[in-house]
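**Student:**
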Amino acid sequence: MIGCYFAVLFYLTLFHTNRRVSSGNALNLVPFRTIAHYFREGGWVMLVNVPGNVLAFVPVGLILPVVRGRRTSVWEILLAGAGLSIFIETAQYVSGRRFADVDDVVLNALGAVIGYLVFVAFKHARRVFAPKVAHASG
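Anchor point for the sequence shown: position 106 equals 164 in the working numbering, and the numbering is continuous, going up by one each time.
Okay, structure coming up:
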């Protein structure tokens with residue numbers, strides 16, 4: 059299942075296009091420039107790019123603590139999400155097939171943190187409610 063997630067993620071971020079990006083137009087290093095543009099423009103493009111970039115990395119925050127099998131901090135998740143995103147953005151820039159954008163790194167890292175917060179909330183809820191359920195059924 060984890061392998062499928064990463065296969066789909068890499069396909070969508072690295073290979074899901076057949077157009078080339080002009081090298082002079084292929085990189086944005088100004089934080090929040092593209093996000094602000096999408097919010098000004100609105101519509102489908104904004105929905106795909108802003109929430110889409112966040113949601114695409116939520117599984118990172120859910121998967122990493124499970125795979126590690128030990129306590130994971132929010133900072134480790136943030137670094138892992140940002141690191142994976144920087145890898146993808148670098149590959150997009152080098153390949154010339156996609157637009158590399160620092161805003162994608164910001165949104166992807168946010169998505170990983172949100173996924174981790176969901177993981178922590180679920181783990182906490184399980185600890186709180188599991189003993190009550192066990193006693194109720196016994």
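Just so it is clear, CB atoms sit at the ideal spot from N, CA and C, and this is done for glycine as well.
Across which residues does DSSP place L85 in a beta bridge pair?
**Tutor:** Translated into the one-based positions of the sequence shown, residue 85 becomes position 27. According to DSSP, which records beta bridges pairwise, L85 is partnered with A158.
**Student:** What does the alpha-carbon distance come out to for the pair D159 and S153?
**Tutor:** Reading the sequence shown from its first residue, position 101 is the one you call residue 159. Reading the sequence shown from its first residue, position 95 is the one you call residue 153. If you take the alpha carbons of D159 and S153, they lie about 14 Å apart.
**Student:** Compute the Euclidean distance between the alpha carbons of F73 and A65, then round it to the nearest angstrom.
**Tutor:** Here residue 73 corresponds to residue number 15 of the sequence shown, with the count starting at 1. Here residue 65 corresponds to residue number 7 of the sequence shown, with the count starting at 1. Taking the straight line joining both Cα atoms gives about 11 Å.
**Student:** Taking contact to mean at least 3 C-beta pairs separated by less than 8 Å, is the segment 130–146 in contact with the segment 99–110?
**Tutor:** The segment 130–146 is not in contact with the segment 99–110.
**Student:** To the nearest angstrom, report how far apart A140 and N166 are at their CA atoms.
**Tutor:** Here residue 140 corresponds to residue number 82 of the sequence shown, with the count starting at 1. Here residue 166 corresponds to residue number 108 of the sequence shown, with the count starting at 1. Taking the straight line joining both Cα atoms gives about 7 Å.
**Student:** Taking the alpha-carbon positions, what's the A183 to L120 distance?
**Tutor:** Counting from one through the sequence shown, the residue named residue 183 turns up at place 125. Counting from one through the sequence shown, the residue named residue 120 turns up at place 62. Whole-angstrom Cα-Cα distance: 15 Å.
**Student:** Leaving out five residues on either side along the sequence, give the residues of the same chain with a beta carbon under 8 Å from the beta carbon of L87.
**Tutor:** Sequence index remark: in the sequence shown, residue 87 carries index 29 (1-based). Taken in chain order, the residues that qualify are V160.
**Student:** Which first and last residues belong to the alpha helix (DSSP H) in which R98 is found?
**Tutor:** Here residue 98 is taken as the residue at index 40 of the sequence shown, counted from 1. Start and end: R91 to E99.
**Student:** Assuming G169 and N111 make a contact with CB atoms under 8 Å, what is their CB distance in whole Å?
**Tutor:** For the purposes of this step, residue 169 is identified with residue 111 of the sequence shown, where counting begins at 1. For the purposes of this step, residue 111 is identified with residue 53 of the sequence shown, where counting begins at 1. About 7 Å separates the two Cβ atoms, so the contact holds.
**Student:** Tell me, to the nearest whole angstrom, how far the beta carbon of Y174 is from that of P117; I am working on the premise that it is less than 8 Å.
**Tutor:** The sequence position of residue 174 within the sequence shown is 116, counting from 1. The sequence position of residue 117 within the sequence shown is 59, counting from 1. The Cβ separation is near 11 Å, so there is no contact.
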